[in-house]
Amino acid sequence: MLWLYLHFPQLVLDHIRRSREDQGALVVVEGSGQKVVQACSEAREQGIRSGMRLKTAISLAPDLGMVRADETREARILEDQARWLYRYAAHIVLVPPDGLLAEIGSLQKLYGGLLAVWQTVEQGLNERQLNASIGIGHTPLAARLIARAGKGECTADKGHILRTLSQMPLLAAEFNEKACTRLRRLGLNTLGEVFDLPSGELARRLSPELLAYIQKIQGTRPDPRTPWQPPHSFRQQADFVQEIEHAHGLLFPLQRMLAELEDDLCWRQQDTDSLRLVLRHRHAEPTRLQIRMSGPEHRAGNFLNLIHLRLEQHSLSAPVISMVLLVKRFLSREAPSGQDLLGETRDLNEAWHTLISRLQARLGDQALRQLSPQADHRPERAWSAAEVLRKTGTPLMPAAELPRRPLWLSKSPQPLTEAPVAWFSGPERISGGWWDGQRVHRDYYIAQLNSGQLAWVFRDAREGWFVHGWFG
Amino acid sequence: MSELLNTLMRDARVWQGHRHIQTTQPAEPTGYQVLDNQLGGLGWPRGALSECLLDAPGIGELHLLLPLMQRVCEEGKSVFWLNPPHTPYAPALAREGVNLDQVVLIHTEEEGDFLWTMENCLRSPVTGLVMAWPGKLASREVRRLQLAAEAGSNVCVLFRERRYAEQNSPAALRLELEPGEQQGLKVNVLKRRGSWPGQRCSLAMAQRADLSSRETTRTIRGPWSGSIG
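First to last, the sequence lines map onto chains X and R.
Taking the working numbering, the leading residue of the first sequence gets 1, the next gets one more, and so forth.
Taking the working numbering, the leading residue of the second sequence gets 1001, the next gets one more, and so forth.
Right, here's the structure in full:
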């Protein structure tokens, strides 16, 4: 087995930098807000070092961006990285807080050599603007130590890996403090000198745990790791150092998140028809937006257009400190079907979904309606309005059996205020609804009013006259 | 003559009183031969606005568009009803052979949304017909809609009140609708692109309520007892 270790020295900083348009100095501050834990390269150029007091750092760089260290967030960001790495390697292990392990021995054949694997991972890192050092080792711990020391080399040679490890100072080997002091007192300075000691002596003089650790580095003791399983949903979060006050400020980070979504969907070979966007505010309840498509979609550009429309309609209630994009509903991709020779049907289908999605995004889901007749004698219940759905090939109702009805139906019956000039047909008695309490007992007539309009009028049980529709 | 002028002449965008040009602009037959004849054998212009000006619904204005609606649905294109004054009655439409799967009803709340929705519908290739009841429209807005209509190639009919008849409008076809004899519909062409306006015709619309001519001569004594009016 061969392991590849990715060490992210400033994962949180990289993560935040990606959703920022300006590139100012950034630091991570420890939980209590006293000390700088990490500083980005811009901050380091201005003289800020990790371990420095925050007050000193601010006096060095007055417009410093600050992020509070947060373990759950770090774990989440690490998992984000595992998700993209999963596209290249199947066996991935999370090493919190800042490392990822991937088994690559089995991948060499697929990619055509170790170098190709290395380059693929490096390209993935560059695309995501992540700072990481790569290490390769024959054991997980060897890969980790090499990566953390920044001595990664693209080789699968066990002897070479052990030689690299041997030259490492004891401090880089991550022994616990007590063991480290004792080894130094024995006059040992490098890891190689520890490797040379007989194992029995090592266990007796120091501790069996230390021996186990060393054997795990060398590969003489098994070091099983449980592989990480990717979740069945898509989740991306952008955290902002400066609160975003205007909706258009969200579009820049959204572009990147949606591009990742498109990538993810391409890898899954799936589409989605609804996105959830959660905007978190500092002092208010998070805003939740549901963006729905009328059909399956995977292209980032289309998602962005719809979200853009939606954000135009809803101005932000409060400044946003972070934004989460969630997709939980996946649809399998449809094989193109029902095409005619020119392939027009499919284009129309797509254009239809685009148009309806756009309209729904701006006007709301309730603004668009599709009508259908219902089996009921009462005119106001003989039709229904439902959400718009693309239906194709549904056979027409046996239309001739339907009774003659006007094309316009009033939203509610309007009182008849004038005597009609002519009567044409009637009465047609409609009586029903005793079963659900909406009782109707009416005699319908067709009559012409003075204005020339042809109306559908009725007299109900209470002897009142009403107009219920117009023959348009 | 320059290319530009030729195009203007051919599309009948410049009105010439001394000759009637057989225009080449695309159009959809209305389904009423009498009306088609009055419109130079064409019908509803495609890729342009049409206006129907009428006082009140219920005079046969939907039946005027019904043949086109049926044809558009058969072709698999959509019919959009934008802010209709009453509910289009589904059983009646189904009876007339309109495929309801292609009919989409849209209600817009805000004024800006109306124009935006219209423009989007007009530009889309899935749209066959847009019927809209806009309420008040400034002539600048009608112009905007006309431009959007030109981007697509579908029929767009605005239903407006008759008092706008005097107002100038960039629509390619303007029809004034009035109730006529025997429940018919009187159509008065106020404007059409490339020719003289002023044609009048009357369309028989009594069939919309199953009133044959025999029945209309027979006076049914209503149950009217003088309780109203």
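All C-beta atoms, glycine included, are put in the ideal place defined by N, C-alpha and C.
Can you give me the start and stop residues for the alpha helix (DSSP H) that residue i sits inside?
i: GLY111 (chain X); result: The question names Gly, but residue 111 (chain X) is Tyr in the sequence shown. Residues 108-111.
i: LEU258 (chain X); result: 251-268
i: TRP118 (chain X); result: 114-127
i: SER492 (chain X); result: Because residue 492 (chain X) is not part of the residues shown, which for chain X are 1 to 472, the question remains open.
i: MET293 (chain X); result: From DSSP, MET293 (chain X) is part of no alpha helix (DSSP H) but of the beta strand (DSSP E) over 287-297.
i: GLU1111 (chain R); result: 1111-1123
i: HIS308 (chain X); result: 300-313
i: ARG442 (chain X); result: Unbroken run through ARG442 (chain X) is the beta strand (DSSP E), 440-448; no alpha helix (DSSP H).
i: ILE214 (chain X); result: 208-218
i: LEU1004 (chain R); result: 1003-1010
i: HIS160 (chain X); result: 158-166
i: PRO1067 (chain R); result: 1061-1074
i: ARG184 (chain X); result: 177-185
Going by alpha carbons, who is nearest to residue i out of the options?
i: HIS138 (chain X); options: X:ASN176, X:GLN215 and X:GLN167; result: X:GLN215
i: PRO427 (chain X); options: X:ALA447, X:ARG276, X:GLY437 and X:GLY433; result: X:ALA447
i: GLU1176 (chain R); options: R:GLN1182, R:LYS1191, R:ARG1095 and R:GLN1146; result: R:LYS1191
i: MET1008 (chain R); options: R:GLY1194, R:ALA1209, R:ALA1206 and R:GLY1198; result: The sequence shown places Leu at residue 1008 (chain R), not Met. Taking only the C-alpha atoms, the option nearest LEU1008 (chain R) is R:GLY1194.
i: PHE8 (chain X); options: X:GLY99, X:ARG53 and X:GLN23; result: X:GLY99
i: ASP157 (chain X); options: X:PRO169, X:ALA143, X:LEU250 and X:GLY150; result: X:ALA143
i: LEU1105 (chain R); options: R:GLY1060, R:ALA1090 and R:ARG1162; result: R:ALA1090
i: LEU1200 (chain R); options: R:ALA1209, R:ASN1188, R:ASP1210 and R:GLN1167; result: The question names Leu, yet the displayed sequence has Arg at residue 1200 (chain R). With distances taken between Cα atoms, ARG1200 (chain R) lies closest to R:ASN1188.
i: TRP423 (chain X); options: X:VAL440, X:ALA203, X:VAL457 and X:ARG280; result: X:VAL457
i: SER19 (chain X); options: X:LEU115, X:MET257 and X:ILE291; result: X:MET257
i: ALA1056 (chain R); options: R:LEU1145, R:LEU1129 and R:HIS1086; result: R:HIS1086
i: ARG73 (chain X); options: X:GLY47, X:ASP239 and X:GLN370; result: X:ASP239
i: TRP352 (chain X); options: R:PHE1159, R:ALA1172, R:HIS1063 and R:PRO1125; result: R:PRO1125
i: ARG1162 (chain R); options: R:ARG1174, R:GLY1097, R:THR1108 and R:PRO1084; result: R:ARG1174
Tell me where the beta strand (DSSP E) around residue i begins and ends.
i: LYS1191 (chain R); result: 1185-1192
i: SER412 (chain X); result: 408-415
i: MET66 (chain X); result: 65-68
i: TYR5 (chain X); result: 3-7
i: THR1127 (chain R); result: 1127-1132
i: ARG459 (chain X); result: 454-460
i: ILE77 (chain X); result: That residue, ILE77 (chain X), is in no beta strand (DSSP E); its alpha helix (DSSP H) goes 71-85.
i: SER59 (chain X); result: From DSSP, SER59 (chain X) is part of no beta strand (DSSP E) but of the alpha helix (DSSP H) over 54-60.
i: SER1202 (chain R); result: 1200-1203
i: LEU100 (chain X); result: 99-103
i: CYS1156 (chain R); result: 1155-1160
i: ARG1013 (chain R); result: Segment: none, ARG1013 (chain R) is in no beta strand (DSSP E) and carries neither H nor E.
Go ahead and label residue i buried or exposed: buried means 16 or more other beta carbons lie within 10 angstroms of its beta carbon, across all protein chains shown.
i: GLY1058 (chain R); result: buried
i: ALA75 (chain X); result: exposed
i: LEU11 (chain X); result: buried
i: VAL1034 (chain R); result: exposed
i: PRO208 (chain X); result: exposed
i: ARG68 (chain X); result: exposed
i: HIS283 (chain X); result: exposed
i: GLY472 (chain X); result: buried
i: VAL421 (chain X); result: exposed
i: TRP1081 (chain R); result: buried
i: GLU1061 (chain R); result: buried
i: LEU1005 (chain R); result: exposed
i: LEU6 (chain X); result: buried
i: ASN1099 (chain R); result: buried
i: TRP267 (chain X); result: exposed
i: GLY338 (chain X); result: The predicted model places GLY338 (chain X) with a pLDDT of 49, which falls under 50 and marks its position as unreliable; any figure quoted below should be read in that light. The residue is exposed, with fewer than 16 neighbouring Cβ atoms inside 10 Å.
Check the C-beta distance from residue i over to residue j and give it rounded, since I have them as a contact under 8 Å.
i: SER372 (chain X); j: ALA386 (chain X); result: 7 Å
i: PRO1026 (chain R); j: SER1153 (chain R); result: 6 Å
i: GLU85 (chain X); j: ALA102 (chain X); result: Note on identity: in this sequence residue 85 (chain X) is Leu, with Glu being the wrong assignment. The pair is a contact, with the Cβ atoms about 6 Å apart (cut-off 8 Å).
i: LYS1077 (chain R); j: THR1117 (chain R); result: 17 Å between Cβ atoms; not a contact.
i: ALA1092 (chain R); j: ARG429 (chain X); result: Incorrect: roughly 19 Å between the Cβ atoms, too far for contact.
i: GLN270 (chain X); j: SER357 (chain X); result: Actually they do not touch by this definition, with Cβ atoms about 18 Å apart.
i: GLN360 (chain X); j: SER294 (chain X); result: 7 Å
i: GLY1184 (chain R); j: ALA1204 (chain R); result: 5 Å
Anything in chain C within Cβ reach of residue i, meaning under 8 Å, just list it in chain order.
i: GLU1061 (chain R); result: Among the protein chains in the structure shown, which are X and R, there is no chain C.
Taking 7 Å as the line, does the beta carbon of residue i fall inside it for any heavy atom of the ligand COA?
i: VAL67 (chain X); result: Ligands are entirely absent from the displayed structure, and the ligand COA is therefore not among its contents.
**Prompt:** Mind listing which residues of the stretch 1088-1120 of chain R have their C-beta closer than 8 Å to chain X's C-betas, in chain order?
**Reply:** The residues in question are PRO1088, TYR1089, ALA1090, PRO1091, ALA1092, LEU1093, ALA1094, ARG1095, GLU1096, GLY1097, ASN1099, LEU1100, ASP1101, VAL1103, VAL1104, LEU1105, ILE1106, HIS1107, THR1108, GLU1109, ASP1113, TRP1116, THR1117 and ASN1120.
**Item:** Residues in the stretch 1192-1215 of chain R having any Cβ partner in chain X nearer than 8 Å
**Value:** Taking 8 Å as the upper bound on Cβ-Cβ separation, chain X lies near residues ARG1208, ALA1209, ASP1210, LEU1211 and GLU1215 of the stretch 1192-1215 of chain R.
**Prompt:** Listed in chain order, which residues of the stretch 1134-1158 of chain R have Cβ atoms closer than 8 Å to some Cβ of chain X?
**Reply:** Residues passing the 8 Å Cβ filter: none.
**Request:** Check distances from the C-beta atoms of the stretch 16-37 of chain X to those of chain R and list, in chain order, the residues that come in under 9 Å.
**Result:** Cβ contacts with chain R come from no residue of the stretch 16-37 of chain X.
**Message:** Give me the subset of the stretch 1032-1047 of chain R whose CB atoms are less than 9 Å from a CB atom of chain X, sorted by chain position.
**Reply:** Per Cβ criterion, the list is empty.
**Asked** Just by C-beta distance, which residues in the stretch 1165-1195 of chain R are closer than 9 Å to chain X?
**Response** In summary, the residues of the stretch 1165-1195 of chain R whose CB is separated from some CB of chain X by less than 9 Å are GLU1178, PRO1179, GLY1180 and GLN1183, in the order they occur in the chain.
**Residues in the stretch 406-420 of chain X having any Cβ partner in chain R nearer than 8 Å** = For the stretch 406-420 of chain X, the beta-carbon criterion of a distance under 8 Å to any beta-carbon of chain R is satisfied by PRO406, LEU407, TRP408, LEU409, SER410, LYS411, LEU416, THR417, GLU418, ALA419 and PRO420.
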